[in-house]
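Asks:
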Amino acid sequence: MTEAGPPALLGRVGAIVSEALVGTGLLFYFGWIRTQSTFAYFGVDVSLLGFATADYVLRSLNAAVVPAVLAIMLLLLLHTVHRRVVQPVVRNGHPFTGVVLAAASATGAVLLTLAAVGTVTQIITSRSLGLVLPIALLTGAALLAYLGFLRQDRDSLRKVLLITLTFAGLLWTLTRFAEQTGERVATGVAMDLSARPSVTLYSVDRLAIAGPGVAVDPITQPDSKYRFRYSGLQALAHTKDNHVLLPAQWKKGRDSVYVIPVGEVRIDITGG
4 MTEAGPPALL GRVGAIVSEA LVGTGLLFYF GWIRTQSTFA YFGVDVSLLG
54 FATADYVLRS LNAAVVPAVL AIMLLLLLHT VHRRVVQPVV RNGHPFTGVV
104 LAAASATGAV LLTLAAVGTV TQIITSRSLG LVLPIALLTG AALLAYLGFL
154 RQDRDSLRKV LLITLTFAGL LWTLTRFAEQ TGERVATGVA MDLSARPSVT
204 LYSVDRLAIA GPGVAVDPIT QPDSKYRFRY SGLQALAHTK DNHVLLPAQW
254 KKGRDSVYVI PVGEVRIDIT GG
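So for the sequence shown, my numbering puts the first residue at 4; every next one is plus one.
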């Protein structure tokens, strides 16, 4: 038995680093889509808030862990079925093998057709069909690619196209799931604003902050740096650059969301 030399070790390290980078990239992407979807509900462009990369990664973890675990378990199950059931049946030439493979191929083709027709319909109607289309694309392309592997298909162009469609379906599914997660989070926040931390804001200058439940009081102490106190606000988010605040009785489509630069004010926070 020979020990792995430096080139082999470097190759393994490179593979691990590459996988870590891909994983981090997917977490960042998921976190960005999820965060953008959440703040879009409140009419705020997330690019204005100054979130760091770590913020997006951390925001993705809570929502992504359970689906990731389920996906890994599903892949392990499919791998076991492939090794213990499919391979022996195909290798031994079971009489029903051809029928099953033909049925599976037809199923994959139907799923891809559904994804194509649904995509065109979605573009024409400007209405999202949720996770149905991306899952159909992912499942159909992956199934046809797998069948090509079983049949030892030598059509390299077909392989490349199916693998590309599979990854496109995976990315599309991830995007739609992140969007739905963000929308769900935003809806939950809006339905229970009283659970958010309450904020009292102090400013040197009068700010254009108003809304149901918001009160502004002048500060008359001569030695105070701040001249105005705003109450009746709830915290939506804080970044290193901005405070994102809502009126206590905020309603979607009626009231504004306030993005206040950190350096211009002081805030007192009371837990929700």
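For glycine and all other residues, C-beta sits at the position ideal for the given N, C-alpha and C.
Consult DSSP for residue 90 and reduce its assignment to one of helix, strand or coil.
Replies: The residue you call residue 90 lines up with position 87 of the sequence shown. Residue 90: helix per DSSP, three-state reduction.
Asks: If you pair each beta-carbon of the region 208 to 219 with each one of the region 227 to 235, do three or more pairs fall below 8 Å?
Replies: Result yes; three or more Cβ-Cβ pairs closer than 8 Å.
Asks: Give me the Cβ distance between residue 42 and residue 67, rounded to the nearest whole Å; I'm assuming they're in contact under 8 Å.
Replies: Within the sequence shown, residue 42 is the residue found at index 39, counting from 1. Within the sequence shown, residue 67 is the residue found at index 64, counting from 1. Between residue 67 and residue 42 the Cβ distance is about 18 Å, and since that is not below 8 Å, they are no contact.
Asks: For the beta strand (DSSP E) containing residue 272, list its first residue and its last residue.
Replies: As a working mapping, residue 272 is identified with position 269 in the sequence shown. Element bounds for residue 272: 268 to 273.
Asks: Relative to the C-alpha of residue 258, which candidate in 237, 133, 273 and 123 has its C-alpha closest?
Replies: Walking along the sequence shown from the start, residue 258 turns up at place 255. For residue 258, the nearest C-alpha among the options comes from 237.
Asks: Excluding five sequence neighbours on each side, which residues of the same chain lie with their C-beta closer than 7 Å to the C-beta of residue 122?
Replies: Indexing the sequence shown from 1 puts residue 122 at position 119. Excluding positions up to five away in sequence, the list reads 136.
Asks: Report the CB separation of residue 38 from residue 185 in whole angstroms; it is logged as a contact under 8 Å.
Replies: Indexing the sequence shown from 1 puts residue 38 at position 35. Indexing the sequence shown from 1 puts residue 185 at position 182. At roughly 7 Å, the Cβ-Cβ gap stays under 8 Å, so residue 38 and residue 185 are in contact.
Asks: In this structure, how does DSSP classify residue 229 when only helix, strand and coil are distinguished?
Replies: Sequence index remark: in the sequence shown, residue 229 carries index 226 (1-based). Of the three classes helix, strand and coil, the one that applies to residue 229 here is coil, per DSSP.
Asks: Which same chain residues, not among the five before or five after residue 138, have their C-beta less than 8 Å away from its C-beta?
Replies: Taking the sequence shown and counting its residues from 1, one reaches residue 138 at position 135. Here the set comprises 172 and 176.
Asks: Can you tell me the Cα-Cα spacing of residue 31 and residue 63, whole angstroms?
Replies: Here residue 31 refers to the residue found at position 28 when the sequence shown is read from its first residue. Here residue 63 refers to the residue found at position 60 when the sequence shown is read from its first residue. Cα-Cα distance, rounded: 7 Å.
Asks: Short of 7 Å in beta carbon distance, which residues of its chain neighbour residue 134, apart from the five on each side in sequence? Order them along the chain.
Replies: Taking the sequence shown and counting its residues from 1, the one referred to as residue 134 is at position 131. Closer than 7 Å at the Cβ level, and outside the excluded window around residue 134, lie 176, 179 and 180.
Asks: Let me know the secondary structure DSSP gives residue 97 once reduced to three states.
Replies: Position 94 of the sequence shown, counting from 1, holds the residue named residue 97. In the structure shown, residue 97 sits in coil (DSSP, three-state: anything other than H, G, I, E or B).
Asks: Nearest-angstrom Cα distance between residue 216 and residue 252?
Replies: As a first step, residue 216 must be located in the sequence shown, where it is residue number 213. As a first step, residue 252 must be located in the sequence shown, where it is residue number 249. Taking the straight line joining both Cα atoms gives about 6 Å.
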